[in-house]
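Below is one structure, written out as C-alpha cells; the observations come after it.
There are 2 protein chains.
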Amino acid sequence: MARPRKFDETAVLDAAVDRFWTQGYEATSTRELAESMQMTLASIHNAFGDKRALFRRSLEHYLDGSLRARIARHEAAPSPAAAIAGFLRESIERSLGDGCRRGCLLVNSALEVTQADPDMRDFLNAELTTIEDFFRRCLAKGRQSGEIPAGIDVDDAARLLFSSLLGIRVLARVRPERSLLEGAARGALASLGLPPMPDS
Amino acid sequence: MARPRKFDETAVLDAAVDRFWTQGYEATSTRELAESMQMTLASIHNAFGDKRALFRRSLEHYLDGSLRARIARHEAAPSPAAAIAGFLRESIERSLGDGCRRGCLLVNSALEVTQADPDMRDFLNAELTTIEDFFRRCLAKGRQSGEIPAGIDVDDAARLLFSSLLGIRVLARVRPERSLLEGAARGALASLGLPPMPDS
DNA sequence: CATATTTTAGATCATATGATCCAAAACATA
DNA sequence: TATGTTTTGGATCATATGATCTAAAATATG
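Sequences listed follow chains A and H, in order. Take the first sequence: its letters are residues 100 to 299, numbered as in our numbering. Take the second sequence: its letters are residues 100 to 299, numbered as in our numbering.
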C-alpha cells in the first residue's frame, strides 16, 4: 500500500549536494533546491525534513561518494608513501578538474559553521579527523617499514599533511592553479623524505 | 557647512567586522549590522553604500588592523627563520586566544565567495598572495644567508607554508586545539630544517 | 542670524524565505 | 474492486531581508 516515490534518491541528493557545494548553505534557498532537485517543497519536506536536515543528509551523501571512498581506496596502496602521495594527487586532480571551483564541501562547510551549531561542528570535526588519522596511520606504517626517516615526528607530520591538504582545498576554490596546489603537495612530500606524487 | 557625523568610523567598522567574522557574509543581516554598529540603516547606507560595499570596506578595515601589520612586523625580524616562526606563532596564538573561534576573516571569506563574484575573488586572492609572497621572500633570504638548506626548493616550501597556514586557520574555526595547530607548524618548520617557534 | 549641506531617525516598499496546509493522485494489499 | 497509506502539486502564511524614501536635526559658512 501507499503511493510510491517518483524521485530517485541518489539523483535528488546529487542535485542538493551540487547547490550546497557551489553556493554554501546560507546562500542556497529552499526554492532553488526544489528546482534543482525537481521536487516540490512539500515532497522535500516529507522525504528529508527541513533545510538543515537536508543539508546534513547531503553532506553524508557527498562524503559517502568522495572522501570515505578515497581514503579506503588509497589505504590499500602497495606502500604508505604511495598511499599518501596518491591521496594528495587525487585531491588535487579533483580540485583542478572542477570548472566550478567548488573546492571540498566538507572544508567549505567547516568554515561556514558557527559556534551556535555545536552538533554540526562535531559532525564535521569527526569527519575531518578521519583525514588526519589516515595520514597518521600511513606515516606510522611507513616508519615501521623504513620509508619514513627516523628523525621525523609522525604526529606532527600527520598534522602538517592534514593542514596542508585543508589549505589546498581552500585554494582549490579561490585560486585553483596547478603550480600552486602541486607545489604545496611537493613541498610536503619532499619534507618527509618521500618520493614525489605520481603523474596525473 | 553640513551636519557632522555622530559615529566613530573605526568603532562601527570594528562592529561590522565582528559580525561578518563570526557569522559570515550571507548569515549576517543588515538589521543585525545596524544594531551592532549602533547606526540606522539609512546612516549605514549613506556612509558605506549597500551591504556588499560595507563588507568590502570591513574586509579592508580588518586587513589593515591584522594581516598587513603582522607581515610588516615580522618581516623586520632579525632573521628570515625568526620571521617565519614568529608569524606562525602569532597566527596560532590569535587563533587560540579567540574564544569565539572566528578563525581568519580573509580565509573564511575566501571560502564563502562564489564563482559569480570574480571581483571579490580577485581582491581576496591578491591579499592571500601577500602571505605566500612573504614566505617566499623570507625563504629566499634564508637561502642566501645559509639558514635554508640547499636541498629545499624555495618556491615549493613557500607554497607548503602558505597552504599549511590556511589549513591552520580553517582548524582555528572548527577544531582549535593547541596540540593540533602547533603540531602542524612544528612539522612545517622542522621539514625546512628551521628551529622551532618561540614559546608563546 | 539665515542658509546651504549633510546626517540621522523612523517608516515603508517589494520581494525572498522557510515552513506548512490541504486536497488530489497513485498504488499495494485485502 | 474497495481500502488505506503515502506522495505529490499548488497555494499560502508569517516573517525576514535588502533597499529606499521623507522629513527632521545639526552645524559650518556667509
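Cβ atoms here follow ideal geometry from the backbone N, Cα and C, with glycine treated the same way. Here the structure is a predicted model, which means the values were calculated and not measured.
Among the options, nearest to residue i - alpha-carbon criterion
i	options	result
G250(A)	L153(A), L265(A), L291(A)	L291(A)
W120(H)	D113(A), R188(A), L140(A), T213(A)	T213(A)
E75(A)	A225(A), R151(A), L112(A)	The structure shown does not extend to residue 75(A), since chain A is modelled only from 100 to 299, so the question has no answer here.
L166(H)	F154(H), M136(H), E189(H), P177(H)	E189(H)
F186(H)	R155(H), R169(H), G286(H), S244(H)	R169(H)
S244(H)	P217(H), M219(H), P177(H), R102(H)	P177(H)
T228(A)	P248(A), D254(A), I247(A)	D254(A)
Q230(H)	G148(H), S299(H), A171(H), Q137(H)	The amino acid occupying residue 230(H) in the given sequence is Ile; Gln does not appear at that position. Out of G148(H), S299(H), A171(H), Q137(H), A171(H) has the C-alpha closest to the C-alpha of I230(H).
R268(A)	D197(A), M136(A), H144(A)	D197(A)
Residue j beta carbon less than 9 angstroms from that of residue i
i	j	result
G123(H)	E211(H)	yes
L288(H)	P297(H)	no
S208(A)	L195(A)	no
R118(A)	E131(A)	yes
S142(H)	L265(A)	no
E125(H)	A126(A)	yes
D252(A)	G164(H)	no
R156(H)	A115(H)	yes
A146(H)	R104(H)	yes
Residue i Cβ short of 8 angstroms to the ligand SAM heavy atom set
i	result
T139(A)	This structure lacks the ligand SAM, and indeed carries no ligand of any kind.
Same chain only: Cβ atoms within 6 angstroms of residue i, ignoring 5 sequence neighbours per side
i	result
K240(A)	P179
A175(A)	none
H173(H)	A182, G185, F186
P301(A)	Residue 301(A) is absent from the structure shown; chain A starts at 100 and stops at 299.
G148(H)	none
Cβ neighbours of residue i in the same chain (closer than 7 angstroms, five flanking residues each side left out)
i	result
R277(H)	L195
T139(H)	A133
R220(H)	V212
F154(H)	F119, Y124
C199(H)	T121
T129(A)	L140, K150
D218(A)	none
R242(H)	V253
H144(H)	none
A225(H)	none
D232(H)	none
Residues near residue i in its chain [Cβ-Cβ closer than 8 angstroms; skip 5 each side]
i	result
Q137(A)	F106, V111, A114
S307(A)	Residue numbering for chain A in the displayed model covers 100 to 299; residue 307(A) lies beyond these limits and cannot be assessed.
Q.
Below 8 angstroms, how does it come out for the stretch 270-285 of chain A and the stretch 200-213 of chain A: are there three or more Cβ pairs, yes or no?
A. yes
Q | Three-pair Cβ contact test at 8 angstroms for the stretch 106-118 of chain A versus the stretch 151-165 of chain A | A | yes
Q: Only counting runs of 3 or more residues, tell me where the beta strand (DSSP E) segments fall wholly within the stretch 172-204 of chain H, in order along the chain.
A: none
Q) Below 8 angstroms, can you find three or more Cβ-Cβ pairs linking the stretch 278-298 of chain H to the stretch 251-269 of chain A? A) yes
Q | Cβ contact check for the stretch 182-190 of chain H and the stretch 227-238 of chain H: 3 or more pairs under 8 angstroms | A | yes
**Q.** Inside the stretch 122-180 of chain H only - alpha helix (DSSP H) runs reaching at least 4 residues
**A.** 129-136, 140-147, 150-164, 166-174
Q | alpha helix (DSSP H) runs contained entirely in the stretch 208-287 of chain H, provided each spans 4 or more residues | A | 217-244, 253-273
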